[in-house]
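Below is one structure, written out as structure tokens, with a few remarks after it.
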Amino acid sequence: MASNIGLSVPFKNFLPVTGTAALPFTLYFLTLSGRIVYHRVKTHQYMGQNIETKNQPKDAAKNKIVRQEDDPLNLAIRAHQNFLDNVPLAFILLITAELNGGSRKVLTYVMSALFAFRLAHVEYGLYGPDNASLGRPCIEEKEALPILKACHDAGINFYDTANGYSNGTSEIILGKAIKQFHWRRSNLVIATKLWAPVGHEPDSNPLSLSIDDREAGGYINEFGLSRKHIFDSVDASLERLGLEYIDLLQIHRFDPATSPRETMEALHDVVKSGKVRYIGASSMWAHQLLEYQYTARLHGWTEFISMQNLHNATYREEEREMIPCKLPPLTVHILQPVNAEANLLPQALKKFGMGMIPWSPVAMGFLTRPHAQFLDSERGTSMNGTFMGQAWTDTDKKINEEIEEIAKERGVSMAVISIAWSLSKPFMTSPIIGMSKVERVREAVEAVNFVLTEGEVERIDGLYVPKKTIGFQ
7 MASNIGLSVP FKNFLPVTGT AALPFTLYFL TLSGRIVYHR VKTHQYMGQN IETKNQPKDA
67 AKNKIVRQED DPLNLAIRAH QNFLDNVPLA FILLITAELN GGSRKVLTYV MSALFAFRLA
127 HVEYGLYGPD NASLGRPCIE EKEALPILKA CHDAGINFYD TANGYSNGTS EIILGKAIKQ
187 FHWRRSNLVI ATKLWAPVGH EPDSNPLSLS IDDREAGGYI NEFGLSRKHI FDSVDASLER
247 LGLEYIDLLQ IHRFDPATSP RETMEALHDV VKSGKVRYIG ASSMWAHQLL EYQYTARLHG
307 WTEFISMQNL HNATYREEER EMIPCKLPPL TVHILQPVNA EANLLPQALK KFGMGMIPWS
367 PVAMGFLTRP HAQFLDSERG TSMNGTFMGQ AWTDTDKKIN EEIEEIAKER GVSMAVISIA
427 WSLSKPFMTS PIIGMSKVER VREAVEAVNF VLTEGEVERI DGLYVPKKTI GFQ
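Under the numbering used here, residues 7 to 479 are what the sequence shown spells out, in order.
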């Protein structure tokens, strides 16, 4: 077993930006997004179609990129890159974990450059246990506890939950598992989230209410990212978990009603109080994440170390947002390409040394069985043929069929292929996998050691078609 390892990060390079030097960063917040719209953009080529912008120069038909050294977008992106050049990349540690039955598997434990704890390359998400209040199939405590034990026995040490999952019941179940099975606290990475209101009654769902209705219903100051709500939420989560501290506290969404300064200072203070070790973020636009991060950096406060966003074979829009990659269907021409070879936007997570721990890597089960079977299943029926409100497309079904075909060729389950595909991505840290049966745990561990060929990955990747964002506005 590897010993604890710490990593020194050159924070001396992270100096506050003031005066005229702050201008590029201000402009950056306004311009950085995977969907940049800028008045000097020449042409967008989206799925092979040229979409002309409104304010084009007279030579727009030539489809050339015009470079101007004093262009504010160019200056902003160059300044951002220069500022972050010294952030080291994440690296990987390998250790072995004993599985029931005597077989040995190698689990990958990853460590980000900005934090020094080790976590399994797959983690268990407790969204499902006792989540009936959200109208989806759930598993009860008596079913969840054996799954949690199987995860721990297999070497999975990262458990993700949230205060809003089943109005806190998910945190209670996780806390019971830790106590009942006598797990060693120092080996665990316990992550939870705040932002959403927690229902006063077990079957209530205040998240579905408008802000006015929440306040009228007695939830005033019980949602969002205000200092008061952050402090109250941390104390409530610790009580439900039965723990003295949270390893990773994540903000569930961006809060437009609270200033980033108030939020980041409050998060910094709960870290300094000892109740929280690290902080992370969840689904939001890249410019929102960067506003939070720069606010913390400029004041010397604790920064986010992770991003929990949606990513799977049927939803890859984060590859245009947080982690811009070479995604063939979309090319955006801007005045000055950030990367002359790939014409990419800055990779926000990589540049900040942040880990990516995406939710729903198997699309809530859609990628674990043939789509016809899934849509007829209890889970598929409860989702009304949609994923987070968006109907499954013909392309989604083609991706499902391709994964099914590869699974047959390799003699493994579709879940193994789907998780292995996720792990094949160089920007991946540890996908969050929800499991409703003990057998699913073995599939998750098997996927860690299962390597897809480049051709197999391309067969899945090549089918993807861009879609609307899911999970945040």
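C-beta atoms are modelled at their ideal positions from N, C-alpha and C, and glycine is treated no differently.
What's the C-alpha gap between residue i and residue j?
| i | j | result |
| --- | --- | --- |
| residue 170 | residue 201 | 8 Å |
| residue 160 | residue 444 | 11 Å |
| residue 233 | residue 225 | 16 Å |
| residue 435 | residue 315 | 12 Å |
| residue 219 | residue 211 | 12 Å |
| residue 268 | residue 326 | 29 Å |
| residue 187 | residue 371 | 28 Å |
| residue 447 | residue 382 | 23 Å |
| residue 464 | residue 174 | 41 Å |
| residue 423 | residue 478 | 27 Å |
| residue 380 | residue 400 | 15 Å |
| residue 291 | residue 214 | 22 Å |
| residue 390 | residue 317 | 21 Å |
If you reduce the DSSP assignment to three classes, tell me which class residue i lands in.
| i | result |
| --- | --- |
| residue 198 | strand |
| residue 422 | helix |
| residue 167 | coil |
| residue 365 | strand |
| residue 261 | coil |
| residue 314 | strand |
| residue 321 | strand |
| residue 475 | coil |
| residue 308 | coil |
| residue 282 | strand |
| residue 130 | strand |
| residue 288 | strand |
| residue 413 | helix |
| residue 209 | coil |
| residue 435 | coil |
| residue 393 | strand |
Give the C-beta separation of residue i and residue j to the nearest angstrom, bearing in mind that I take them to be a contact with Cβ-Cβ under 8 Å.
| i | j | result |
| --- | --- | --- |
| residue 374 | residue 420 | 5 Å |
| residue 179 | residue 207 | Not a contact, Cβ separation roughly 18 Å. |
| residue 252 | residue 196 | 6 Å |
| residue 425 | residue 462 | Not quite, the Cβ-Cβ distance comes to about 13 Å (not below 8 Å), so this is no contact. |
| residue 319 | residue 466 | 5 Å |
| residue 259 | residue 288 | 6 Å |
| residue 469 | residue 430 | Residue 469 to residue 430, Cβ: 15 Å. No contact. |
| residue 270 | residue 313 | Not quite, the Cβ-Cβ distance comes to about 15 Å (not below 8 Å), so this is no contact. |
Excluding the 5 residues preceding and the 5 following residue i in the sequence, name in chain order all residues of the same chain whose CB lies nearer than 6 Å to its CB.
| i | result |
| --- | --- |
| residue 247 | 177 and 181 |
| residue 193 | 163 |
| residue 345 | Low confidence applies to residue 345: its pLDDT is 39, below 50, so where it sits in the model is not reliable, and the reading given next is rough at best. Cβ neighbours of residue 345 beyond the five flanking positions: none. |
| residue 167 | 132, 176, 177, 180 and 198 |
| residue 329 | 353, 355 and 433 |
| residue 261 | 230 and 231 |
Compare the Cα-Cα distances from residue i to each of the options and report the closest residue.
| i | options | result |
| --- | --- | --- |
| residue 377 | 404, 362, 236 and 324 | 404 |
| residue 130 | 153, 145 and 306 | 153 |
| residue 263 | 229, 458 and 290 | 229 |
| residue 364 | 433, 455 and 446 | 433 |
| residue 231 | 222, 216, 221 and 257 | 257 |
| residue 367 | 439, 454 and 401 | 439 |
| residue 402 | 416, 471 and 244 | 471 |
| residue 460 | 215, 427, 453 and 452 | 427 |
Tell me which residues share the same chain as residue i and place their Cβ nearer than 8 Å to its Cβ, disregarding the 5 neighbours each side in the sequence.
| i | result |
| --- | --- |
| residue 309 | 120, 285, 299, 302, 303 and 358 |
| residue 396 | 473, 474 and 476 |
| residue 191 | 184 and 249 |
| residue 240 | 200, 252, 255, 276, 281 and 282 |
| residue 441 | 130, 134, 153, 157, 447 and 450 |
Within the same chain, show all residues whose beta-carbon is closer than 7 Å to that of residue i, passing over the 5 residues directly before and after it, in chain order.
| i | result |
| --- | --- |
| residue 205 | 139, 173, 211 and 212 |
| residue 36 | Below a pLDDT of 50, predicted positions are generally treated as unreliable, and residue 36, at 34, falls in that range; the measurement from the model is reported next regardless. So no residue of the chain qualifies. |
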